[in-house]
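Participant: Okay, handing you the structure first.
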Amino acid sequence: MKVGIQSILCGTSIHDLDEFVDTVADLGFHGIEFSQIPSKLPPLQTLLARLARRNLALIGLAGGGLTARMEYLGGYRDCYLYVDEDDEEPLKQALAAGFTLAVHPHLHKRISRVWDAEQLFEAHPDRAAQLKFLPDTAHLYIAGHDPVRAIRDHLGRLAGVHLKDWTPLYGWSYHRYARGFTELGKGDVPLADVVRLVAEDGRCPWLVTELDATTGTVSDSLVQTVRWLAREGLLPEPPAAVPSHHPGRARNGDPVVELDLVWTFFRIAQCPPTEFYRQAATGFVRHVPGCEGAVIAGCNREHGFVTVLGAYPEELSPGARTVAWYESYSRHAVESQSVRRFGGPEEPPLPSHPAFDADPARGYRSLVSIPVLNTWNPHHVRFVVNLFSRGGPTELPDEFLHRLAREFGIAADIMLDGWCNAAAGRVAGMAQDSDTVAGFVGEVRKLVRELTGCREASLFLVNEARDRLVPAPGSPVTWGSDSSHYYLRGQGLTGRTWARNQAILTLDPARESGWRGLSTDGDPSERASPGLFTPVRTTHNRVYGVIRCAGRGGPAPVTFTDDDVAVLDSVSQGVVPHLMVLRHREAVDARITRVIHELANPVTAIRSAIAFLERDLSAQIDLRSALKKDYLGDVLSWCGLMQRLLKNCEIIGTEGPLPLALAPTLLHRDVVAPAVRQCHQVLRGRKFDPAGIEYNGFIGLPSLTVDRGAFQQVFFNLLSNSIKYAYNDPSAFSVEISAERSTRGDVLIRFRDWGIGIPEPLAERIFEEGFRGPHVVAFYSGQGIGLAVARKAIEAHGGTIRVTQHRYPTEFTIWLPASLQTAGTRGT
Amino acid sequence: MADRVLFVDDEGDVCEYYVTALKLAGFEVDYCDTTREGVTKIDDPQQGYTAIVLDLSMLHGSELSADETMGGLATGVVLYDRVRTRRPGTPVIVLTNVLQGPVIDRLPPQTMGAFQLVHKIETDPFEFAEVVSRMIRPESG
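Residue numbers (the numbering used here), protein chains in the order written: chain A, 182 to 1009; chain B, 2 to 142.
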């Protein structure tokens, strides 16, 4: 099996055929399939001679009509004719003339699916030797086929395989899908499986790599392709001599370098940010007369520093020593918002660039710094373009330079729009594939690392009580001095991001006020700098969480930039709705699980008690003496308990405001006494005496108009907690419930017990649904919904409930407004 | 001499019925309502048991860790493994209201005479006593 290349990468015509042939041969390919129409190619014999010079084969012709290509080839039959339309007459003529036709399903052509090709094969059963199959891995994949299976089904009929990769990043639409074609290994097509299949089978004569367009140079793209092929063992590693970043024209006549600077900017606007700035710097050097070096710096006056985004040539790329140098010179253009020049006769001198300290003679003598204003906010300088020259000052007028800068700024906007949209698209795809919050957060973190180049990314979410940021499930904490890894609003850089609802970029977080310290994990110095903290917001601009990025590897820029903030904003906007849905789903699942678990026990107990009632145990001599038991009473008690559990479920499961069945209620008679009775089953389980529960002060209270069922639930939940968390000594069990009325008519109810108490930091968290303190989880059963229900029910009445003492006694205080007093009544 | 059954379950007011049914069926029942007590009894070679009944979801306490017990959801699985190590021939019955999920998947296949999984909510105490009897004497059917 040989490996070839399709020439579509060169465009509609090949600028320099010999250069292209040399490049292809140097890279190790065995042949070329030409996509240019015959009128754009030299005569056949010339073409064959040029190919033969480098031992390359003519694999096939793909461009132009079938008739034109047949005429071009004349009697030559040692290549195939690519076919993606099923025009009957030309097909018949080609077959009659003995040509080999390679049928290639291609999106939006008449032969677009495998079955279209199969229909053609069936229509000409006696032409199997001439009608071959030329599958394109990317077109098959986009069309919904499994490329491996489609090729396996036609292994005996292959003219070759077009090896192409594709990413769904740009969607499937008619005008945009082709943007997703990409270098081998960068997309989603199972190329390695295809290669393995055809290699093991051995009958496929050609693997032809094909890429319609590239954002880089043709040489760059081919080298990337060859590297992938080398990894698969199909070609040798590309030679080092093939220029991949040549400042001039590529050997094969890449049309990009032949266009003027403005066209370059818009051409590269489809690149990712890092590549865009690098190529823009390269473009300035290529096209601005006298310019020998260019550095593009991003500015953010609020953060007080300048970030180098792209530089050409490489020697101007920033290292630790050069960042400050760029800052000091870009600053002039930023502050004046006008072109600044250095090194000319009447201009400030330009000190040697740090890259040339050892040999100042090699350094640059002059510099022009051009501010690029923010398209959307002309008072802000967004970039500074620094153009260097060795030969002396340039005479370019300021107006020309401003014009260039403006075009560059617009192209940067377009680039960032595209990058942000692509990021949002990625999030949507991830959400579809994620079933759990932890899984989705893991994917989000991977995406953030990929998009920003950070070493580690964490996601913190505002908790239900909205009093702190806690690590999201699936998100490790890379730094933080507090062992519980949470941040209060305004605390630390993470908490400050929440409080200000604004991103923070910092070169070195450890130097910022509010820095809380480093994790003991890993190398602190690596993780410390730089840092990016950005809010994750809901559509109502409410902070939902904070993304935190630590450390940055790779080439320039060495810090995080406003582009990173913009991209993460896009990511966040996509993340929040999905995260809300997943969290809600998990909360509902957890709630259902808790309900099932809570209800299973009383149902089991009732069933068991009834089983005992059904049995005639009179013959069991043990019964009267040792097994005296009121099974019927048990059934009633368990039913009562189940009723309470179901009420908890009803209240906690109600989304939005709690509907209330209001009725005039005397708390003592209608709420407290029934709740205490209903706790008898719970008391019995702990062998506590109901007399341990005392309540007073309720007799004098007026009637309140409240939902009795909800209030019984509140009292039941608080009582059952007091019983659960009491110490094991029945003689020490004690609960006091007291009520008092203020002069304004408010009612205060206090629950006190002498159990294990509540740690002070958890005083608010215990009211979060599902939360259980770490000090109780291992030793006391429960689902963490009792206090959440109590708070929801009390607040639905306009009241409050909170912990007013943490231990000895533990005290909960309920405050009820005077407005609940039943109209026309007074204290009795 | 009556067959002796170790019964480990922290929901005392529910499993009380099952314990009673076992006693009525003639078993001597050693009941533990904490994981710690259950571990002690399992580990004690002086304690002989004809069968061991375990709940699945139990507070792990200080004897076992939250990690190994999945926060208490799989305490019974950890105890089961302990029984298999220290009392390899003793039949084990897991009595639980957990019906499905990853914790259940960690249990071994059921084998008469060795291991049975019984769902509390579907099995009344007297039916359960018959299950235990069949586990101890599988030949009696």
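Glycine included, C-beta positions come from ideal geometry on N, C-alpha and C.
In chain A, what lies closer than 8 Å to F127(B) by C-beta?
Facilitator: Locating residue 127(B) in the second sequence gives position 126, counting from the first residue. Those within 8 Å of F127(B) in chain A are A792 and R796.
Participant: Quick check: the Cα distance between L222(A) and P386(A), rounded to an integer number of angstroms?
Facilitator: Within the first sequence, the letter at position 41 stands for residue 222(A). Within the first sequence, the letter at position 205 stands for residue 386(A). Between L222(A) and P386(A), the C-alpha separation is close to 24 Å.
Participant: Any beta carbon of chain C sitting closer than 8 Å to that of S134(B)?
Facilitator: No chain C appears in this structure, whose protein chains are A and B.
Participant: How far does the alpha helix (DSSP H) with K830(A) in it extend, from its first residue to its last?
Facilitator: Residue numbering aside, residue 830(A) sits at position 649 when the first sequence is read from its first letter. One point to set straight first is that residue 830(A) is Cys, not Lys, in the sequence displayed. C830(A) -> alpha helix (DSSP H) spans Y812 to G834.
Participant: Going by other Cβ atoms of all chains shown within 10 Å of its Cβ, with 16 needed for buried, is W600(A) buried or exposed?
Facilitator: Along the first sequence, read from residue 1 onward, the residue named residue 600(A) stands at position 419. Classification for W600(A): buried.
Participant: Any residues in the region 717–735 of chain A with a beta carbon nearer than 9 Å to a beta carbon of chain B? Which ones, in chain order?
Facilitator: Flagged: no residues at all.
Participant: Can the beta-carbon of I939(A) be found closer than 8 Å to that of V984(A)?
Facilitator: In the first sequence, residue 939(A) corresponds to position 758, counting from 1. In the first sequence, residue 984(A) corresponds to position 803, counting from 1. Taking 8 Å as the Cβ cut-off, I939(A) and V984(A) qualify as a contacting pair.
Participant: Output needed in chain order: residues of the region 894–910 of chain A with a Cβ under 7 Å from some Cβ in chain B.
Facilitator: Listed by position, the residues of the region 894–910 of chain A near chain B (Cβ gap below 7 Å) amount to none.
Participant: Let's see if you can read the secondary structure: which residues bound the beta strand (DSSP E) around W996(A)?
Facilitator: On the first sequence, position 815 is the one that residue 996(A) refers to. That run of the beta strand (DSSP E) goes T991 to L997.
Participant: Does the Cβ of D616(A) have 16 or more other Cβ atoms within 10 Å, making it buried, or fewer, making it exposed?
Facilitator: Working through the first sequence from its first residue, we reach residue 616(A) at position 435. Burial call: exposed.
Participant: Do you know how far the Cα of L817(A) is from the Cα of L780(A)?
Facilitator: Translated into the one-based positions of the first sequence, residue 780(A) becomes position 599. Translated into the one-based positions of the first sequence, residue 817(A) becomes position 636. Straight-line Cα distance between these residues: approximately 15 Å.
Participant: Please go through the same chain and pick out, in chain order, the residues whose beta-carbon is closer than 6 Å to the beta-carbon of S664(A), but skip the five residues on each side of it.
Facilitator: In the first sequence, counting from the first residue as 1, residue 664(A) sits at position 483. At S664(A), the pLDDT of 43 sits below 50, so the modelled position is not reliable; the number obtained from the coordinates is stated separately. For S664(A), where only same-chain residues beyond five positions count, there are no Cβ hits under 6 Å.
Participant: Determine the closest residue to Q48(B) out of F129(B), V104(B), V84(B) and D11(B), with distance taken between C-alpha atoms.
Facilitator: If you number the second sequence from 1, residue 48(B) lands on position 47. Ranking the options by Cα distance to Q48(B), first place goes to V84(B).
Participant: Note down the Cα distance separating F28(B) from V928(A), rounded to an integer number of angstroms.
Facilitator: Along the second sequence, read from residue 1 onward, the residue named residue 28(B) stands at position 27. Along the first sequence, read from residue 1 onward, the residue named residue 928(A) stands at position 747. Each residue's alpha carbon lies about 56 Å from the other.
Participant: At which residue ranges does the region 72–105 of chain B contain complete alpha helix (DSSP H) runs of 4 or more residues, listed in the order of the chain?
Facilitator: Those alpha helix (DSSP H) runs which fall completely within the region 72–105 of chain B and span 4+ residues are 76–87.
Participant: Is it the case that the Cβ atoms of R825(A) and F897(A) are separated by a distance below 8 Å?
Facilitator: Mapped onto the first sequence, residue 825(A) falls at position 644. Mapped onto the first sequence, residue 897(A) falls at position 716. Yes, Cβ-Cβ distance for R825(A) and F897(A) is below 8 Å.
Participant: With DSSP as the reference, identify every bridge partner of G241(A), one or two as the case may be.
Facilitator: Counting from one through the first sequence, the residue named residue 241(A) turns up at place 60. In DSSP, G241(A) forms a bridge with E214(A) and Y261(A).
Participant: To the nearest angstrom, how far is it from the Cα of D598(A) to the Cα of T556(A)?
Facilitator: Taking the first residue of the first sequence as 1, we reach residue 598(A) at position 417. Taking the first residue of the first sequence as 1, we reach residue 556(A) at position 375. For D598(A) and T556(A), the distance between alpha carbons rounds to 13 Å.
Participant: Give me the DSSP bridge partner(s) of P552(A).
Facilitator: Position 371 of the first sequence holds residue 552(A). Looking at the DSSP assignment, P552(A) forms a beta bridge with V565(A).
Participant: The beta strand (DSSP E) with R718(A) in it runs from where to where?
Facilitator: For the purposes of this step, residue 718(A) is taken as the residue at position 537 of the first sequence. Where R718(A) is concerned, the enclosing beta strand (DSSP E) stretches over G712 to R718.
Participant: Could you tell me which chain A residues have their CB closer than 8 Å to the CB of I122(B), listed as they occur along the chain?
Facilitator: Taking the second sequence and counting its residues from 1, the one referred to as residue 122(B) is at position 121. Per Cβ cutoff of 8 Å: A781, V784, T785 and R788.
Participant: Output the distance between the C-alpha atoms of C452(A) and C635(A), rounded to the nearest integer angstrom.
Facilitator: For the purposes of this step, residue 452(A) is taken as residue 271 along the first sequence, with counting starting at 1. For the purposes of this step, residue 635(A) is taken as residue 454 along the first sequence, with counting starting at 1. Cα to Cα, C452(A) sits roughly 19 Å from C635(A).
Participant: Pull up the distance between the alpha-carbon of I94(B) and that of R647(A), whole angstroms please.
Facilitator: Within the second sequence, residue 94(B) is the residue found at index 93, counting from 1. Within the first sequence, residue 647(A) is the residue found at index 466, counting from 1. Rounded to the nearest angstrom, the two C-alpha atoms are 46 Å apart.
Participant: Restricting to Cα atoms, I'd like to know which of L392(A), G241(A), E364(A) and L415(A) is closest to E381(A).
Facilitator: To locate residue 381(A), count along the first sequence from 1; it is residue 200. With distances taken between Cα atoms, E381(A) lies closest to L415(A).
Participant: Would you report the Cα separation of H778(A) and H320(A), rounded to the nearest angstrom?
Facilitator: Locating residue 778(A) in the first sequence gives position 597, counting from the first residue. Locating residue 320(A) in the first sequence gives position 139, counting from the first residue. Between H778(A) and H320(A), the C-alpha separation is close to 52 Å.
Participant: DSSP on V9(B), reduced to helix/strand/coil?
Facilitator: Numbered from 1 along the second sequence, position 8 holds the residue referred to as residue 9(B). It is a strand residue.
Participant: Between which residues of its own chain and F280(A) is the CB-CB distance below 8 Å, once the five residues before and five after are set aside?
Facilitator: Along the first sequence, read from residue 1 onward, the residue named residue 280(A) stands at position 99. Closer than 8 Å at the Cβ level, and outside the excluded window around F280(A), lie M251, L254, R258, Y261, L262 and Q311.
Participant: Thinking just about the alpha-carbon of each residue, which of F127(B), P139(B), V133(B) and M136(B) is nearest to the one in E795(A)?
Facilitator: For the purposes of this step, residue 795(A) is taken as residue 614 along the first sequence, with counting starting at 1. The shortest C-alpha separation from E795(A) is found at F127(B).
Participant: Expressed to the nearest angstrom, what Euclidean distance is found between the alpha-carbon atoms of L577(A) and V756(A)?
Facilitator: Position 396 of the first sequence, counted from the start, is the residue given in the question as residue 577(A). Position 575 of the first sequence, counted from the start, is the residue given in the question as residue 756(A). Computed Cα separation, rounded: 47 Å.
Participant: Looking only at its chain, what residues have a beta carbon closer than 7 Å to the beta carbon of S134(B), apart from the 5 residues adjacent to it on each side?
Facilitator: Working through the second sequence from its first residue, we reach residue 134(B) at position 133. Excluding positions up to five away in sequence, the list reads A26.
Participant: Using a Cβ-Cβ distance under 8 Å, would G12(B) count as near chain A?
Facilitator: For the purposes of this step, residue 12(B) is taken as the residue at position 11 of the second sequence. One detail in the question is off: residue 12(B) reads as Glu in this sequence, not Gly. Closer than 8 Å to some Cβ of chain A, the Cβ of E12(B) qualifies, so yes.
Participant: Using only alpha-carbon positions, find the residue among L848(A), D307(A), G878(A) and F948(A) that is nearest to A920(A).
Facilitator: Along the first sequence, one-based indexing puts residue 920(A) at 739. Of L848(A), D307(A), G878(A) and F948(A), the residue nearest in Cα terms is G878(A).
Participant: Using a beta-carbon distance below 8 Å, is F960(A) in contact with chain B?
Facilitator: On the first sequence, position 779 is the one that residue 960(A) refers to. Yes, F960(A) counts as interfacial toward chain B.
Participant: Taking L827(A) as the reference, give the member of A944(A), I728(A), P955(A) and I966(A) with the closest Cα.
Facilitator: Position 646 of the first sequence, counted from the start, is the residue given in the question as residue 827(A). Answer by Cα proximity: I966(A).
Participant: Given a cut-off of 8 Å, decide if A593(A) and V566(A) are closer than it, judged by their beta-carbon atoms.
Facilitator: As a first step, residue 566(A) must be located in the first sequence, where it is residue number 385. As a first step, residue 593(A) must be located in the first sequence, where it is residue number 412. Their beta carbons are not under 8 Å apart, which means V566(A) does not touch A593(A) by this criterion.
Participant: Which whole-angstrom value describes the C-beta separation of I728(A) and L760(A), a residue pair presumed to lie in contact below a C-beta threshold of 8 Å?
Facilitator: For the purposes of this step, residue 728(A) is taken as the residue at position 547 of the first sequence. For the purposes of this step, residue 760(A) is taken as the residue at position 579 of the first sequence. Not quite, the Cβ-Cβ distance comes to about 12 Å (not below 8 Å), so this is no contact.
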